[in-house]
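Novice: Residue numbers (numbering that gives the first Met the number 0), protein chains in the order written: chain A, 0 to 232; chain B, 0 to 232. Ideal placement from N, C-alpha and C gives every residue a C-beta, glycine not left out.
2 protein chains.
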Amino acid sequence: MAGRMLGVLGGMGPLASAEFMRRLTLLTPAARDQDHIPAVLWSDPRVPDRSAARLAGGEDPLPALLRGIHGLQQAGCGAIAIPCNTAHGWFDAMQAATPLPILHIVDAAAAELARLGVPQGRIGVMGTAGTLAMRLYQQRLDARGYDCLVPTEQEMASLVTPAIARVKANEVAEAYEALAEAARRLAGRGARAVVLGCTEIPLGIAAGPALPFPVCDTIDALARAAIAWARGG
Amino acid sequence: MAGRMLGVLGGMGPLASAEFMRRLTLLTPAARDQDHIPAVLWSDPRVPDRSAARLAGGEDPLPALLRGIHGLQQAGCGAIAIPCNTAHGWFDAMQAATPLPILHIVDAAAAELARLGVPQGRIGVMGTAGTLAMRLYQQRLDARGYDCLVPTEQEMASLVTPAIARVKANEVAEAYEALAEAARRLAGRGARAVVLGCTEIPLGIAAGPALPFPVCDTIDALARAAIAWARGG
């Protein structure tokens with residue numbers, strides 16, 4: 000059972016992890032059930048809020064994250080994907096706690112940007128307040144030759160943060176306009192592509208018309224990284 | 000961690016289990032991540048084909064099903080939902096192997112039919128050749144006052160079976176017309192509602208215009224049963 004079974008640490012939020020499983024399936028070349036990738040999804044939406052922990056002294060999510068990692072390891076998984084960008088603020092502690100490789104969502108996003116024809120240069124990064132405050136994208140992408148623009152504090156407060164909350168409350172279509180507006184502003188300030196660096200954001204963006212510039216969907220990016228791993232990459 | 004964590008034995012097929020997780024999330028009243036239902040999805044698409052096992056002496060799926068049940072039990076789940084109708088042909092053996100309650104998809108479909116305003120009478124049942132041969136619906140629904148019509152062998156061979164295979168091969172939109180035609184024929188023969196009694200079928204049916212008669216989506220039906228269980232029902 001072990002070997003190439005993928006572990007997915009999800010529930011952050013649960014709609015994003017369900018969408019990750021859907022995209023993992025649809026992006027896998029398959030003619031029948033048995034061609035698809037075996038996976039275990041640990042969807043625990045009770046993990047304390049990651050942004051609140053970083054920015055407002057909220058409850059530490061690490062113990063709950065480690066419970067999920069341990070559960071996936073016990074299940075016999077061979078690697079772990081985490082379809083939540085903000086949780087990657089605890090990446091080093093999670094990776095230190097397991098011998099299984101954890102596929103880093105920012106590395107997956109970089110590969111997706113290259114696939115989209117944007118291998119370096121000025122890009123926009125949307126994400127939770129926690130992801131931006133921890134500089135998760137800047138830390139890993141600056142060295143690759145990217146220059147990351149982020150929304151202003153005012154744009155975060157009026158557009159991005161409320162829209163992410165709406166997706167988590169199942170109000171997906173209602174999140175589109177605010178997210179599209181924040182992305183358009185980043186493109187207007189010179190971003191050649193915009194990273195949807197919170198897995199709730201692609202759900203909202205998919206609910207309306209396509210944007211007229213490249214967007215890097217971090218759900219798809221992580222699904223492609225997982226498929227490459229399962230295929231032996 | 001135990002208690003109200005839902006176990007989902009999936010992967011049969013994987014797109015249907017991803018959709019089950021999505022519908023479970025969207026049908027749950029929730030304002031934030033922490034209001035959603037904790038769940039573990041065991042998505043093992045390597046389970047041997049259930050219809051082939053029943054109809055053509057194919058490999059027995061029971062050992063793989065029991066591995067999944069065991070994995071969900073180890074993970075601390077409190078009940079199990081199986082978003083695959085045909086796998087319910089092994090329901091008694093699975094239930095005998097675990098102390099956890101398994102939510103039966105046919106009982107969930109009966110509750111959904113009542114919700115749709117069809118508490119008895121002539122209904123159509125679409126499903127895999129295995130589900131129909133095992134009379135999974137007739138066995139449980141005849142006693143509740145339903146009279147189950149099923150597609151003819153010719154309709155199964157030309158419409159339903161190839162369409163289910165297309166969904167499993169990610170050709171979802173291409174499955175719509177054959178499935179809609181099979182459903183229309185059952186309605187034309189007097190079915191007051193049609194049960195989409197294979198979890199690939201609602202995926203195909205959702206890819207085109209709505210049908211002009213009630214359809215019972217067994218993914219939604221099972222999701223509602225799981226939510227009722229999680230809420231203490």
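1) How would you list, in chain order, the residues of chain B whose beta-carbon sits under 8 Å from the beta-carbon of A:Pro37?
2) Please state if the CB of A:Cys76 and the CB of A:Gly6 are separated by a distance shorter than 8 Å.
3) Among the residues of its own chain, which have a CB less than 7 Å from the CB of A:Val117, if the five just before and after it don't count?
4) Using a Cβ cut-off of 9 Å, pull out every chain B residue sitting near A:Thr217, in sequence order please.
5) Along chain A, which residues have their Cβ under 9 Å away from the Cβ of B:Gly70?
6) When you compare only the Cα positions, how much space is there between B:Glu170 and A:Asp59?
7) With respect to the alpha helix (DSSP H) encompassing A:Ala222, which residues constitute its N-terminal and C-terminal limits?
8) Looking at A:Leu112 and A:Cys215, is the spacing between their C-beta atoms short of 8 Å?
9) Classify B:Pro288: buried if its beta carbon has 16 or more other beta carbons within 10 angstroms, exposed otherwise.
10) Rounding to the nearest angstrom, what Cα-Cα distance links A:Ala96 and A:Leu71 in this structure?
11) Output the distance between the C-alpha atoms of B:Val194 and B:Pro150, rounded to the nearest integer angstrom.
12) Measure how close the beta-carbons of B:Gly129 and B:Thr85 come, nearest whole angstrom, since I'm counting them as under 8 Å.
13) Pairing CB atoms from the stretch 202 to 212 of chain A with CB atoms from the stretch 178 to 186 of chain A, are three or more of them under 8 Å?
14) How far does the beta strand (DSSP E) with B:Ser42 in it reach, from first residue to last?
15) Can you list the residues of chain A that B:Asp59 reaches, using a CB-CB cut of under 9 Å?
16) Which stretch, first to last residue, makes up the alpha helix (DSSP H) that contains B:Met20?
17) Is it true that the CB of A:Ile79 sits closer than 8 Å to the CB of A:Leu61?
18) Mind checking A:His69: buried by the 16 CB within 10 Å criterion, or exposed?
19) Run the proximity test for A:Ala168: is its beta-carbon closer than 7 Å to any non-hydrogen atom belonging to the ligand NAP?
20) According to DSSP, is B:Leu246 part of a helix, a strand, or is it coil?
21) Within the stretch 103 to 159 of chain B, note down every full beta strand (DSSP E) run reaching 3 residues or more, in order along the chain.
22) Excluding sequence positions up to five away, which residues of its chain have a Cβ less than 6 Å from the Cβ of B:Ile81?
23) Counting only runs of 4+ residues fully inside the stretch 57 to 90 of chain A, write out the alpha helix (DSSP H) ranges in chain order.
24) Out of B:Leu148, B:Asp91, B:Ala174, state which residue places its alpha-carbon closest to the alpha-carbon of B:Val159.
25) Contact criterion: CB-CB distance below 8 Å. Does A:Glu18 meet it with respect to chain B?
26) Between B:Val166 and the rest of its own chain, which residues show a CB-CB distance below 6 Å, the 5 nearest in sequence each way excluded?
27) Output yes if chain A places a C-beta closer than 8 Å to the C-beta of B:Arg21; else output no.
28) Starting from the beta carbon of B:Ala29, find every residue of chain A whose beta carbon is closer than 7 Å, and list them in chain order.
Specialist: The short version:
1) As a first step, residue 37 of chain A must be located in the first sequence, where it is residue number 38. Contacts between A:Pro37 and chain B, judged by CB atoms closer than 8 Å, involve Gly10, Ser42, Asp43, Pro44, Arg45 in chain order.
2) As a working mapping, residue 6 of chain A is identified with position 7 in the first sequence. As a working mapping, residue 76 of chain A is identified with position 77 in the first sequence. Yes. Within cutoff.
3) Taking the first sequence and counting its residues from 1, the one referred to as residue 117 of chain A is at position 118. Arg191, Ala192, Pro213.
4) Working through the first sequence from its first residue, we reach residue 217 of chain A at position 218. What A:Thr217 touches in chain B: nothing, since even the nearest Cβ is about 17 Å away.
5) Position 71 of the second sequence, counted from the first residue, corresponds to residue 70 of chain B. Chain A residues near B:Gly70: Met0, Val39, Gln73, Ala74, Gly75.
6) Working through the second sequence from its first residue, we reach residue 170 of chain B at position 171. Working through the first sequence from its first residue, we reach residue 59 of chain A at position 60. Their backbone Cα atoms lie some 43 Å apart in a straight line.
7) The count along the first sequence starts at 1 and reaches residue 222 of chain A at position 223. Here the alpha helix (DSSP H) through A:Ala222 covers 217 to 229.
8) Stepping through the first sequence from its first residue, residue 215 of chain A is reached at position 216. Stepping through the first sequence from its first residue, residue 112 of chain A is reached at position 113. Yes. Within cutoff.
9) There is simply no residue 288 of chain B to check, as chain B begins at 0 and stops at 232 in what is shown.
10) Start at 1 with the first residue of the first sequence, and residue 96 of chain A comes out as number 97. Start at 1 with the first residue of the first sequence, and residue 71 of chain A comes out as number 72. Distance from the CA atom of A:Ala96 to the CA atom of A:Leu71, rounded to whole angstroms, is 12 Å.
11) Walking along the second sequence from the start, residue 194 of chain B turns up at place 195. Walking along the second sequence from the start, residue 150 of chain B turns up at place 151. Distance between the alpha carbons of B:Val194 and B:Pro150: 12 Å.
12) Along the second sequence, one-based indexing puts residue 129 of chain B at 130. Along the second sequence, one-based indexing puts residue 85 of chain B at 86. Right, their Cβ atoms sit about 5 Å apart.
13) Touching, per the Cβ criterion.
14) Position 43 of the second sequence, counted from the first residue, corresponds to residue 42 of chain B. Segment 38 to 42, the beta strand (DSSP E) holding B:Ser42.
15) The residue labelled residue 59 of chain B in the question sits at position 60 within the second sequence. What B:Asp59 touches in chain A: nothing, since even the nearest Cβ is about 15 Å away.
16) What you label residue 20 of chain B is simply residue 21 of the second sequence in a count that begins at 1. Taken as a continuous stretch (DSSP letters only), the alpha helix (DSSP H) holding B:Met20 covers 13 to 25.
17) Along the first sequence, read from residue 1 onward, the residue named residue 61 of chain A stands at position 62. Along the first sequence, read from residue 1 onward, the residue named residue 79 of chain A stands at position 80. Their beta carbons are not under 8 Å apart, which means A:Leu61 does not touch A:Ile79 by this criterion.
18) Looking up residue 69 of chain A in the first sequence gives position 70. With fewer than 16 Cβ atoms within 10 Å of its Cβ, A:His69 is classed as exposed.
19) With respect to the ligand NAP, the structure shown offers nothing to examine, as it has no ligands at all.
20) In the structure as shown, chain B starts at 0 and stops at 232, and residue 246 of chain B therefore has no counterpart that could be examined.
21) 120 to 125, 145 to 148
22) Taking the first residue of the second sequence as position 1, residue 81 of chain B is located at position 82. The beta carbon of B:Ile81 sits closer than 6 Å to those of Leu8, all from its chain and outside the five residues before and after it, given in chain order.
23) Entirely contained in the stretch 57 to 90 of chain A, the alpha helix (DSSP H) runs reaching 4 residues are, in chain order, 61 to 73.
24) For the purposes of this step, residue 159 of chain B is taken as residue 160 along the second sequence, with counting starting at 1. Ranking the options by Cα distance to B:Val159, first place goes to B:Ala174.
25) Taking the first residue of the first sequence as position 1, residue 18 of chain A is located at position 19. Yes, its Cβ sits closer than 8 Å to a Cβ of chain B.
26) Locating residue 166 of chain B in the second sequence gives position 167, counting from the first residue. Cβ neighbours of B:Val166 beyond the five flanking positions: Ala174, Glu199, Leu202, Gly203.
27) Residue mapping note: residue 21 of chain B aligns to position 22 of the second sequence, counting from 1. Chain A places a beta carbon closer than 8 Å to that of B:Arg21, counting this residue as a contact.
28) Here residue 29 of chain B corresponds to residue number 30 of the second sequence, with the count starting at 1. Within 7 Å Cβ-Cβ: Ala168, Asn169.
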